[in-house]
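These protein sequence lines are chains B and U, in that order. Just so we're aligned, residue 0 is where the first sequence starts under numbering that gives the first Met the number 0, counting upward by one. Just so we're aligned, residue 0 is where the second sequence starts under numbering that gives the first Met the number 0, counting upward by one. Built from N, CA and C at the ideal position, the CB exists for glycine as well. Note that the structure is predicted; figures quoted are calculated from it, not measured. Heads up: the structure comes next, in structure tokens.
There are 2 protein chains.
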Amino acid sequence: MNQQQFSSSHIPGLDRFWAVIPAGGVGTRLWPLSRAAAPKFLHDLTGSGQTLIRATYDRLEPIAGEHVVIVTGEAHRDAVCAQLSDVAEENFLFEPEPKDSAAAIGLAAAVLYERDPEAIMGSFAADQVIGPDEDFQEAVLEAIATAATNKIVTIGIKPTYPSTGFGYIQQGEKLSVEAAPSAYEVAKFVEKPEAAVAKRYIAAGDHFWNAGMFVAPVELLLKHLRANEPELFAGVTQIAQAIEAGDADKVMAEVWPTLPKTAIDYAVAEPAAEAGDVAVIPGDFVWDDVGDFAAIARLHPAANEDGVTVIGETPRVYADEADGVVVTDTSRVIALIGVEDIVVVDTPDALLVTTTKHAQSVKQAVESIKEHGDDDVL
Amino acid sequence: MNQQQFSSSHIPGLDRFWAVIPAGGVGTRLWPLSRAAAPKFLHDLTGSGQTLIRATYDRLEPIAGEHVVIVTGEAHRDAVCAQLSDVAEENFLFEPEPKDSAAAIGLAAAVLYERDPEAIMGSFAADQVIGPDEDFQEAVLEAIATAATNKIVTIGIKPTYPSTGFGYIQQGEKLSVEAAPSAYEVAKFVEKPEAAVAKRYIAAGDHFWNAGMFVAPVELLLKHLRANEPELFAGVTQIAQAIEAGDADKVMAEVWPTLPKTAIDYAVAEPAAEAGDVAVIPGDFVWDDVGDFAAIARLHPAANEDGVTVIGETPRVYADEADGVVVTDTSRVIALIGVEDIVVVDTPDALLVTTTKHAQSVKQAVESIKEHGDDDVL
Chain B
0 MNQQQFSSSH
10 IPGLDRFWAV
20 IPAGGVGTRL
30 WPLSRAAAPK
40 FLHDLTGSGQ
50 TLIRATYDRL
60 EPIAGEHVVI
70 VTGEAHRDAV
80 CAQLSDVAEE
90 NFLFEPEPKD
100 SAAAIGLAAA
110 VLYERDPEAI
120 MGSFAADQVI
130 GPDEDFQEAV
140 LEAIATAATN
150 KIVTIGIKPT
160 YPSTGFGYIQ
170 QGEKLSVEAA
180 PSAYEVAKFV
190 EKPEAAVAKR
200 YIAAGDHFWN
210 AGMFVAPVEL
220 LLKHLRANEP
230 ELFAGVTQIA
240 QAIEAGDADK
250 VMAEVWPTLP
260 KTAIDYAVAE
270 PAAEAGDVAV
280 IPGDFVWDDV
290 GDFAAIARLH
300 PAANEDGVTV
310 IGETPRVYAD
320 EADGVVVTDT
330 SRVIALIGVE
340 DIVVVDTPDA
350 LLVTTTKHAQ
360 SVKQAVESIK
370 EHGDDDVL
Chain U
0 MNQQQFSSSH
10 IPGLDRFWAV
20 IPAGGVGTRL
30 WPLSRAAAPK
40 FLHDLTGSGQ
50 TLIRATYDRL
60 EPIAGEHVVI
70 VTGEAHRDAV
80 CAQLSDVAEE
90 NFLFEPEPKD
100 SAAAIGLAAA
110 VLYERDPEAI
120 MGSFAADQVI
130 GPDEDFQEAV
140 LEAIATAATN
150 KIVTIGIKPT
160 YPSTGFGYIQ
170 QGEKLSVEAA
180 PSAYEVAKFV
190 EKPEAAVAKR
200 YIAAGDHFWN
210 AGMFVAPVEL
220 LLKHLRANEP
230 ELFAGVTQIA
240 QAIEAGDADK
250 VMAEVWPTLP
260 KTAIDYAVAE
270 PAAEAGDVAV
280 IPGDFVWDDV
290 GDFAAIARLH
300 PAANEDGVTV
310 IGETPRVYAD
320 EADGVVVTDT
330 SRVIALIGVE
340 DIVVVDTPDA
350 LLVTTTKHAQ
360 SVKQAVESIK
370 EHGDDDVL
């Protein structure tokens, strides 16, 4: 074991902890910046100088050391390996085609189970913005300690507004876990609510956003996967055994395409919660899934003097009576005059002009572009 | 003489008529489409498939035949000659540097005077949109007939709204000119008015927009130029004599840079009006100086079904809850979502996003870009 900053003596389970980073999802609402060939996690959406996947890795490495597994698409092999050159070859898992989160996370769990049946895995999406790192890491350590008591432990996000775009986690009874003072049982997971319901959740104070972050013993996770998605369980187990035997190519090519497409929430988290196997650690850190360009504007409160947030390597932006956000990966001069709350995304082959208010509609525009056959830019 | 469509027997002066097309002016308010290297008159701003200068020539050729003189900058020699390959070499006059309208038009008048002291010239800017051609041509023929009575004859534009962006021409007494039933004396020229004044002009019905179009005997025009701008008169006369002698290069290089910069309105039209030498033919045709992108939106009432007017050779534009105008000379996909009254001008090295309401402010943005040293895109 090679934990770098945190002493394993204080946190039960830390010495058998593996961080898993599923890097899938195009981020359609961030088109034309994010697209099939250059998905969201390969972009620096915060102006930090780092891609989201690299920032995710850097946040987990102090806890997990060399125990980091990346699950991503074959299509992104080169770009992801270039971002994470310090990850060992055997810790990359490449999906021949996207199969949703249950298959990706199930495969990682099955591989880790082959390596160590006692392993505890934590799954952290590659395309979220989190900070400060220390507060996040504290929550992960509490989640590991709680997972060591044989729980699937979600890290819930304290809501900052009554979002109707996220699912919620309702906390139940407080748990007594040494080294995890803020652990609670999960009463239930709830789907994206109506606005009035979301407001009640916020007022009650016992609901957290479901960010899809969880820490769990792989054996417990696989037990629920087998119960709910037996075909999926059998498939990822067969592939994992082939991978660990060093002869995965044929099995992967044969089995992966047959796996059912479903979300880890349905395949594991929700039935496990009903069985009383799920806990929650309320995360007390800044979190954003950067779901659309409104999020990018939100993440950059310090706009430049003209009121326009500019993200890009060589921006040449002029603003006059304008505010909003410009994301550019060209060196073109961009002039904004008299446009408020504007979103301009400038790429070599596609341009988006919208407002932060309409940021969620980008997905429909992408559908329309696909229907009309201009999918060279998707 | 080579008049193609109009019989010279009916129109006094037509057999000694020359059309002059001054093609200068960048059209800064149409940046980044229009710019120093590709000024307004070299663009197709109406979606007709023709540049404005070519459309201007085609409108005048049925009246003037081969008697068309082009005055433009040395910098645009190749582009203009490519547009007007049917104009004889000796009918191009190239300015070494811009010197405003009095020098450009004065030079054309002086050259024509050398060729025929009885010549009548008509000056028509290269970057205006006019239609239908027949109605314009009728006005020009009346202007020629009136000019043949030794008048400087402006063609006034019947105002369609109380513009504060144009100067006005106030009509005086009706004139009795055979073949020019709508000719009036000009009472006076008035500068760009305040809004309230402009409204009074419209209500009175005796004021026309000054579009800078006029027809005049070159001798009369040069008489007023000599009286008001003797240095300019002497300079263009010296250059014209050298041009007609076939040895202009040295004289042009020496004299042109010394000429005063002034507008033909001050140098000729206004003092001539005071002297009672100016008439007006009210033009009963559609006219637009395409001064900004709001004009482009105005000139294209038939927007596509999404409410967005698209101008470009290979447009790939998607609009959702959007209206306005897109001008593109790239093949990029452009998606507009939830933006109203928007103006997007997409060129390979510069992008403008504004609204039709702010279209006049483009000029200031260009100033700002110049100040910051990004003048590679100007």
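Is it buried or exposed, residue i, if we count other Cβ atoms within 10 angstroms and call 16 or more buried?
i	result
B:P116	exposed
B:M0	Confidence is the limiting factor: at B:M0 the pLDDT is only 40, short of 50, which leaves the residue's position unreliable and the question unanswerable from this model.
U:G121	buried
B:N149	exposed
B:T308	buried
U:E96	exposed
B:S330	exposed
U:S175	exposed
B:P11	buried
B:H424	Here chain B covers residues 0 to 377 and nothing more, so residue 424 of chain B does not appear.
B:R34	buried
U:H9	exposed
U:D57	exposed
U:T50	buried
U:P38	buried
B:E269	buried
U:P347	exposed
U:I368	buried
B:E177	exposed
Roughly how many whole angstroms lie between the Cα atoms of residue i and residue j?
i	j	result
U:W17	U:I168	24 Å
U:H223	U:V217	10 Å
U:Y160	B:L298	46 Å
B:G24	B:S100	10 Å
B:H357	U:A318	12 Å
B:Y265	B:A146	20 Å
U:D85	B:R76	59 Å
B:K260	B:K98	5 Å
B:E230	B:L258	7 Å
B:Q240	B:F232	12 Å
U:A349	B:A78	29 Å
U:Q136	U:I62	7 Å
B:G234	B:I151	22 Å
U:T354	U:A22	28 Å
Any beta-carbon of chain B closer than 8 Å to the one on residue i?
i	result
U:V343	yes
U:A36	no
U:R331	yes
U:I310	no
U:L350	yes
U:H75	no
U:S360	yes
U:S33	no
U:D373	yes
U:R297	no
U:V376	yes
Compare the C-beta of residue i with all C-beta atoms of chain U and state if any pair is closer than 8 Å.
i	result
B:I242	no
B:Q170	no
B:Q363	yes
B:D319	yes
B:V307	no
B:A334	yes
B:T353	yes
B:V79	no
B:R114	no
B:S367	yes
B:R315	yes
At a CB-CB cut-off below 8 Å, which residues of chain A make contact with residue i?
i	result
B:K356	Of the protein chains in this structure, namely B and U, none is chain A.
Assuming residue i contacts residue j (C-beta within less than 8 Å), just tell me the rounded distance between them.
i	j	result
U:I19	U:A144	The sequence given here has Val at residue 19 of chain U, not Ile. Incorrect: roughly 18 Å between the Cβ atoms, too far for contact.
U:I129	U:W208	Not confirmed; about 13 Å, so no contact.
Compute every distance between the C-beta of residue i and the non-hydrogen atoms of the ligand PLP, then say whether any falls below 7 Å.
i	result
U:I368	No copy of the ligand PLP occurs in the structure displayed, which carries no ligand at all.
Spell out a yes or no on whether the segment 340–350 of chain U and the segment 319–326 of chain U are touching, meaning 3 or more CB-CB pairs, one atom from each, closer than 8 Å.
yes
Could you check whether the segment 25–33 of chain B touches the segment 280–299 of chain B, counting it as contact only if at least three pairs of C-beta atoms, one from each stretch, sit closer than 8 Å?
yes
Tell me whether the segment 66–74 of chain B and the segment 89–108 of chain B touch, counting them as touching only if at least three CB pairs, one residue from each stretch, are closer than 8 Å.
yes
Hey, is the segment 180–187 of chain U in contact with the segment 268–281 of chain U, meaning 3+ C-beta pairs nearer than 8 Å?
yes
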